[in-house]
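Peer 1:
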Amino acid sequence: MTIYIPTPLRVYAGGQNAVEVDAPNVASALQALTASYPDLRKHLFNGDGKVRAFVNLYLNDEDVRYLPGKDASPVNAEDTLSIIPSIAGGC
Amino acid sequence: MGILHLTGAVYRAIRAHGEETYPHECCGALLGKSTGEGWRVEKSIPAGNTRTDSAHNRYQIAPAELVKIERGARQQGLEIAGFYHSHPDHPAQWSPTDFAEAHWIGCSYVITEVADGKAAVTNSFRLAGETEETKRFEPDTIILEEESIGRPGV
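Quick mapping for you: the protein sequence lines, in order, are chains A and B.
Residue numbering for the first sequence follows this note's numbering, beginning at 1 and increasing consecutively.
Residue numbering for the second sequence follows this note's numbering, beginning at 1001 and increasing consecutively.
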């Protein structure tokens, strides 16, 4: 599958905006990604090993948090996983 | 300090967006290319503000919309260079909320003060640092590609 890397994290992924991984589900795909690019780990996960609250993961067009299987959801070679940090603020 | 190049069209569009949504905050994404010392923004993409509960002083872009914006950027050979939003009747300076909610390190956050419905000062701040723990905002110098429309920050 293809994992799309957001602008701020590309420097930790060899400058790439997309990384191909071979994995059976979302969690495994993230593990494969961070195994290849260990510097990504602290940006994606908190100290407990969970995905940071502001990091959104979209499997194709679906928020992984709302998928029945969550990060255990199966993936295939044609799927895409987008890593999207949140955008918010205000005065 | 970084340099943010904006075309006159982008500059006008993001300020007009702030006037359109006044007294609510507007928001959107900036697409462009890295220059090494900052970004050259080629397009602005307006987004919906999902904070309808407090739209006068808060904004949020739906992640699903961001996914589509980033997909569009990729297809055009552009990157997400940053984001913009407005501060209705509030200075064009980043707020504690802006800082706490800023996670796109290396990207520029453009803020326009909209006073009494009219766009006033526009400033840009680069989210510098390496991690959430060391991030900080640094002011950008905005360079307009069309000088005839006036300088930002004035």
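Ideal Cβ placement from N, Cα and C applies to all residues, glycine included.
Just so we're clear, the structure is a prediction, and the values are computed from it rather than from any experiment.
(1) Residues of chain A with a CB under 7 Å from the CB of B/G1106: which are they?
(2) Output, in chain order, the set of chain A residues within a Cβ distance shorter than 7 Å of B/L1066.
(3) Just verifying my parser: in three-state terms, what is the DSSP assignment at A/F54?
(4) Are B/G1028 and B/S1044 close, meaning C-beta to C-beta below 7 Å?
(5) Taking 7 Å as the threshold (C-beta atoms), are B/P1088 and B/Y1022 in contact?
(6) Let's see if you can read the secondary structure: which residues bound the beta strand (DSSP E) around B/F1083?
(7) Check B/V1154 in the structure and name its three-state DSSP category.
(8) Exposed or buried, B/P1096, counting other C-beta atoms within 10 Å across all chains shown (16 or more means buried)?
(9) Taking 7 Å as the threshold (beta carbon to beta carbon), is B/E1000 in contact with chain A?
(10) Round the Cβ separation of B/R1051 and B/R1040 to the nearest angstrom and send it over; I've been treating them as touching at under 8 Å.
(11) Just tell me which of B/M1001, B/E1145, B/G1117, B/E1025 has its CA closest to the CA of B/F1083.
(12) Do you know offhand how far A/D79's Cα is from A/V19's?
(13) At a CB distance below 7 Å, what residues from the segment 1105-1135 of chain B approach chain A? Give them in sequence order.
(14) Which whole runs of the beta strand (DSSP E) in the segment 14-39 of chain A are 3 residues long or more, in chain order?
(15) Round the Cβ separation of B/A1047 and B/I1061 to the nearest angstrom and send it over; I've been treating them as touching at under 8 Å.
(16) For chain A, check one thing: does any of its Cβ atoms lie closer than 7 Å to the Cβ of B/S1044?
(17) Are at least three pairs of beta-carbons, each pair with one atom in the segment 37-50 of chain A and one in the segment 63-79 of chain A, less than 8 Å apart?
(18) For the beta strand (DSSP E) containing B/A1064, name the first residue and the last one.
(19) Which of helix, strand or coil does DSSP assign to B/L1005?
(20) Would you report the Cα separation of B/E1113 and A/V64, rounded to the nearest angstrom?
(21) Quick one: what does DSSP say B/G1018 is sitting in, helix, strand or coil?
(22) Where does B/K1043 sit, in a helix, a strand or coil, going by DSSP?
(23) Please confirm if B/F1137 has its CB atom under 7 Å from at least one CB of chain A.
(24) Going by C-alpha to C-alpha distance, which of A/T2, A/N17, A/A29, A/R52 sits closest to B/G1077?
(25) Go ahead and label B/I1149 buried or exposed: buried means 16 or more other beta carbons lie within 10 angstroms of its beta carbon, across all protein chains shown.
(26) To the nearest angstrom, report how far apart A/S36 and B/T1131 are at their CA atoms.
Peer 2: Result, derived from the coordinates:
(1) For the purposes of this step, residue 1106 of chain B is taken as residue 106 along the second sequence, with counting starting at 1. By Cβ distance, chain A contributes T7, P8.
(2) For the purposes of this step, residue 1066 of chain B is identified with residue 66 of the second sequence, where counting begins at 1. The contacting residues are I84, I87.
(3) On the first sequence, residue 54 of chain A is found 54 positions in, with the first residue counted as 1. Note: A/F54 maps to coil in three-state DSSP.
(4) Locating residue 1028 of chain B in the second sequence gives position 28, counting from the first residue. Locating residue 1044 of chain B in the second sequence gives position 44, counting from the first residue. Yes; because the gap between Cβ atoms is below 7 Å, this pair is in contact.
(5) Stepping through the second sequence from its first residue, residue 1022 of chain B is reached at position 22. Stepping through the second sequence from its first residue, residue 1088 of chain B is reached at position 88. Contact: yes.
(6) On the second sequence, residue 1083 of chain B is found 83 positions in, with the first residue counted as 1. Residue range 1079-1088 is occupied by the beta strand (DSSP E) that includes B/F1083.
(7) The residue given as residue 1154 of chain B occupies position 154 in the second sequence. No answer about B/V1154 holds up, because its pLDDT of 45 lies below 50 and its placement is not dependable.
(8) The residue labelled residue 1096 of chain B in the question sits at position 96 within the second sequence. Exposed, by the Cβ-count rule.
(9) Absent from the structure is residue 1000 of chain B, since the part of chain B shown begins at 1001 and ends at 1154.
(10) Position 51 of the second sequence, counted from the start, is the residue given in the question as residue 1051 of chain B. Position 40 of the second sequence, counted from the start, is the residue given in the question as residue 1040 of chain B. That belief does not hold up - the Cβ atoms of B/R1051 and B/R1040 are roughly 30 Å apart, past 8 Å.
(11) The sequence position of residue 1083 of chain B within the second sequence is 83, counting from 1. Checked all of B/M1001, B/E1145, B/G1117, B/E1025; the closest Cα to B/F1083 is B/E1025.
(12) By one-based count along the first sequence, residue 79 of chain A stands at place 79. By one-based count along the first sequence, residue 19 of chain A stands at place 19. Going by the C-alpha atoms only, they are around 12 Å apart.
(13) The segment 1105-1135 of chain B vs chain A, Cβ under 7 Å: I1105, G1106, C1107, T1131.
(14) 18-20
(15) Position 47 of the second sequence holds residue 1047 of chain B. Position 61 of the second sequence holds residue 1061 of chain B. B/A1047 to B/I1061, Cβ: 4 Å. Contact.
(16) For the purposes of this step, residue 1044 of chain B is taken as residue 44 along the second sequence, with counting starting at 1. No, because no Cβ of chain A sits closer than 7 Å to the Cβ of B/S1044.
(17) no
(18) Here residue 1064 of chain B corresponds to residue number 64 of the second sequence, with the count starting at 1. That residue, B/A1064, is in no beta strand (DSSP E); its alpha helix (DSSP H) goes 1063-1075.
(19) Mapped onto the second sequence, residue 1005 of chain B falls at position 5. The displayed chain sequence assigns His, not Leu, to residue 1005 of chain B. DSSP places B/H1005 in strand when its eight states are reduced to three.
(20) Taking the first residue of the second sequence as 1, we reach residue 1113 of chain B at position 113. Taking the first residue of the first sequence as 1, we reach residue 64 of chain A at position 64. Those two C-alpha atoms are separated by around 36 Å.
(21) Within the second sequence, residue 1018 of chain B is the residue found at index 18, counting from 1. Here B/G1018 sits in helix by DSSP.
(22) On the second sequence, position 43 is the one that residue 1043 of chain B refers to. B/K1043 falls in the strand class under three-state DSSP.
(23) On the second sequence, residue 1137 of chain B is found 137 positions in, with the first residue counted as 1. Taking Cβ atoms only, chain A never reaches closer than 7 Å to B/F1137, which makes this a no.
(24) Position 77 of the second sequence holds residue 1077 of chain B. Nearest option by C-alpha distance: A/N17.
(25) Looking up residue 1149 of chain B in the second sequence gives position 149. For B/I1149, the predicted model reports a pLDDT of 49, less than 50, meaning its position is unreliable; a value from the coordinates is still stated below. The residue in question, B/I1149, is exposed, as its Cβ has fewer than 16 Cβ neighbours within 10 Å.
(26) Taking the first sequence and counting its residues from 1, the one referred to as residue 36 of chain A is at position 36. Taking the second sequence and counting its residues from 1, the one referred to as residue 1131 of chain B is at position 131. Cα to Cα, the separation comes out at about 19 Å.
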